[in-house]
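Participant: Below you'll find the structure I mean.
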């Protein structure tokens, strides 16, 4: 139940990022709608395929399909000026990352995956939608650009997994894990945190 | 049975588009063959993975593998001059889109998916092969370029779904749905139909 | 057992190629780690999804996750000067291709797929990791560049399949098939073998 709500909110915010990137690329209303859907649903599709939960949740529950459409249409009509688009993409993307890494890890645990795998599935579902969005629209995937991205997702997923090992699975654990991921990701953007680069001999 | 035939024809025409893009990119015979196979089989793979029909049809029936190879070889030897390539890609791509959106929706219904999901699965299998072809060969995916593309696929898939709700599933329904998708797609290309762009404040 | 060892070695060498491409693209330590993981695990994920072996092997056995991390960290700290990177990518990539086409075909046979399909699954798992690596890092996928790539993978997978038909499945068959693929791929690079290009009328 709580899982579903977080999942739907994650789809909504990721859908917004897809639509915003579409606006930025000057796509038409249908291209924007497609980007909103693949970005919103992509991570969950990958997650459900990997854990064998087929057909994916988004294909057996119509709310999963309506949410990214609404996100895309709202963005199409209400998007801000071009100069603020990229900043908004980053903020909503951080929110989607935080929500999906948590719901992904939780669902993987529910399907009986071992702890480390559940943390990885959480990370993959967090970064999946953004990777698909960026590859389709010809951007370098954000996860590969020089910023802290996969790491906070792994951290958020890890908190869910460790809490589960300790038999803590109250809703506030999921929320706390999402907040940790979200805050670290935003701080990394704002402060320009960088991870070490390879030395060049 | 009728479904299989439509599926194989769809694989054939999508295989041709993959090979034509490969010719245009001046790939060698093997690169062209690979593009023909991923374009022909990609949409069906995604469809079968999403509805949980594993292994995918193309992996349990050898005809599914022979068809794109033949499409690729025919195209390699018989392709036209470079200046007519893009137009042919568009026509065959429209045919593949039309066939796959119909067979995808039909198969999803047969696997018990609800109507809206079946329409989405049909749309995804229609656009999937072209997306993979374009991403691999470094083109902006046709589905995102400013044209009517995902919409006729959704329409074709939708006709199949609505007809099914009305207990109409004669072969001519599938054919009619494919024709609707194909004609709208071609008209959109010929007449240069465009969907609304986001306003820029 | 032998299959698992070959699989883990394949993940290791593909992980190295992902990390080397990341070093070349001047990604930071986390971006490099992500590329190492998707390159090492991508082909096996695709294979297991296609044959319906869900969740994929890499998600139920923690060694599959540790191996690409180690490959990525080793490469991050010990990589050579920039001028030798591309050559190393090619060699390790050939090794990964050889190992995965063999283990992919073998696993597909074990899951009851028919011979031709098993050879195709082997080829796909051989080329899958490299395709994901190249698409994510904005390179033209090696499989589409003008070189012998998918063909030796199909040959290696084919040897495994034919030997299985002849009831030969000793470990040396798998090794011989991998060596054939590896040697042909390396010769094609060294000697600059090219496949025929389409004639331009």
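Residue numbers (my numbering), protein chains in the order written: chain A, 43 to 243; chain B, 43 to 243; chain C, 43 to 243. Note that beta-carbon positions come from the ideal geometry of N, C-alpha and C, so glycine has one too. All of these numbers come straight from a predicted model, not from anything done at the bench.
At what residues does the alpha helix (DSSP H) containing residue 155(A) begin and finish?
Facilitator: Looking at the DSSP string, residue 155(A) is not in any alpha helix (DSSP H), and its letter there is neither H nor E.
Participant: What residues of chain F sit near residue 88(B), judged by a beta carbon separation below 9 Å?
Facilitator: The displayed structure is made up of protein chains A, B and C, and chain F is not among them.
Participant: Answer with buried or exposed for residue 154(C), where buried requires no fewer than 16 other C-beta atoms within 10 angstroms of its C-beta.
Facilitator: When all chains shown are included, residue 154(C) counts as exposed.
Participant: Thinking C-alpha only, which one of 184(C), 216(C), 207(C) and 178(C) is nearest residue 135(C)?
Facilitator: Of the candidates 184(C), 216(C), 207(C) and 178(C), the one whose C-alpha sits nearest the C-alpha of residue 135(C) is 184(C).
Participant: Output, in chain order, the set of chain B residues within a Cβ distance shorter than 9 Å of residue 236(C).
Facilitator: Going along chain B in sequence order, the residues near residue 236(C) (Cβ under 9 Å) are 70.
Participant: Helix, strand or coil: how does DSSP classify residue 233(C) here?
Facilitator: Reduced to three states, the DSSP call for residue 233(C) is coil.
Participant: Per DSSP, what kind of secondary structure is residue 93(A) in: helix, strand or coil?
Facilitator: In this structure, residue 93(A) counts as coil in the three-state DSSP scheme.
Participant: Under the rule that 16 or more other beta-carbon atoms within 10 Å means buried, what is residue 213(A), buried or exposed?
Facilitator: When all chains shown are included, residue 213(A) counts as exposed.
Participant: Pull up the distance between the alpha-carbon of residue 182(A) and that of residue 180(C), whole angstroms please.
Facilitator: The alpha-carbon atoms of residue 182(A) and residue 180(C) are separated by roughly 7 Å.
Participant: For the alpha helix (DSSP H) containing residue 203(B), list its first residue and its last residue.
Facilitator: Unbroken alpha helix (DSSP H) run through residue 203(B): 192–207.
Participant: Is residue 101(A) close to chain B? Criterion is C-beta to C-beta, closer than 9 Å.
Facilitator: Cβ-Cβ to chain B under 9 Å: yes for residue 101(A).
Participant: Give the DSSP-derived three-state secondary structure of residue 123(B) in the structure shown.
Facilitator: If DSSP states are grouped into helix, strand and coil, residue 123(B) belongs with coil.
Participant: Quick one: does residue 155(B) have its CB under 9 Å from some CB of chain C?
Facilitator: No, no contact with chain C.
Participant: Taking the alpha-carbon positions, what's the residue 229(A) to residue 235(A) distance?
Facilitator: Going by the C-alpha atoms only, they are around 8 Å apart.
Participant: With DSSP as the reference, label residue 55(A) as helix, strand or coil.
Facilitator: Residue state, collapsed to three classes: helix.
Participant: Would you tell me roughly how many angstroms separate the C-alpha atoms of residue 224(C) and residue 149(C), rounded to the nearest one?
Facilitator: Cα to Cα, the separation comes out at about 19 Å.
Participant: Check for me: the alpha helix (DSSP H) holding residue 101(C) runs from which residue to which?
Facilitator: Run containing residue 101(C): 99–102, per the alpha helix (DSSP H) assignment.
Participant: If we define contact as Cβ-Cβ less than 9 Å, is residue 169(C) a contact residue for chain B?
Facilitator: So yes, residue 169(C) belongs to the interface.
Participant: When DSSP labels each residue in this structure, what does residue 183(A) get in the three-state scheme?
Facilitator: Coil, per DSSP.
Participant: Just the C-alpha distance for residue 120(B) and residue 242(C), rounded to the nearest angstrom, thanks.
Facilitator: Taking the straight line from one Cα to the other gives about 10 Å.
Participant: Just tell me which of 50(C), 69(C) and 152(C) has its CA closest to the CA of residue 244(C).
Facilitator: Given that chain C is displayed from residue 43 to residue 243, the structure contains no residue 244(C) and the question cannot be resolved.
Participant: By Cβ distance below 8 Å, which residues in the same chain neighbour residue 166(B) in space, the five residues on each side in sequence not counted?
Facilitator: Contacts found: 85, 88, 89, 92 and 146.
Participant: Can you tell me whether DSSP reads residue 141(C) as helix, strand or coil?
Facilitator: It is helical.
Participant: At the level of alpha carbons, what is the spacing between residue 207(A) and residue 158(A)?
Facilitator: Taking the straight line joining both Cα atoms gives about 11 Å.
Participant: So, does the CB of residue 232(C) fall closer than 9 Å to a CB anywhere in chain B?
Facilitator: Not one chain B Cβ lies under 9 Å of residue 232(C).
Participant: So, with DSSP's three-state summary, where would you put residue 212(C)?
Facilitator: Three-state result, residue 212(C): coil.
Participant: DSSP three-state call for residue 70(B): helix, strand or coil?
Facilitator: It is coil, neither helix nor strand.
Participant: Going by alpha carbons, who is nearest to residue 209(B) out of 152(B), 56(B) and 221(B)?
Facilitator: It is 152(B).
Participant: When you compare the CB of residue 149(C) with every CB in chain A, is at least one pair closer than 9 Å?
Facilitator: For residue 149(C), the answer is no, since every Cβ of chain A falls outside 9 Å of its Cβ.
Participant: Do residue 200(C) and residue 97(B) have their C-beta atoms within less than 9 Å of each other?
Facilitator: No, these two residues do not count as a Cβ contact at 9 Å.
Participant: Which residue wins for smallest C-alpha separation from residue 58(C), given the options 47(C), 83(C) and 44(C)?
Facilitator: Closest by alpha carbon: 83(C).
Participant: Does the structure place the segment 135–144 of chain C close enough to the segment 72–83 of chain B that three or more beta carbon pairs sit under 8 Å?
Facilitator: Short answer: they don't touch.
Participant: Just to make sure I have the definition right: I need the residues of chain C whose C-beta is within less than 7 Å of the C-beta of residue 53(B). Which are they?
Facilitator: Neighbours of residue 53(B) on chain C: none; closest Cβ ~14 Å, over 7 Å.
Participant: Could you round the C-beta distance between residue 162(B) and residue 107(A) to whole angstroms and report it? I think they count as a contact, below 8 Å.
Facilitator: Their Cβ separation, rounded to whole angstroms, is 6 Å, which keeps residue 162(B) and residue 107(A) in contact under 8 Å.
Participant: So that I know if they touch, is there some Cβ in chain B lying closer than 9 Å to that of residue 63(C)?
Facilitator: Output row for residue 63(C): interface = no.
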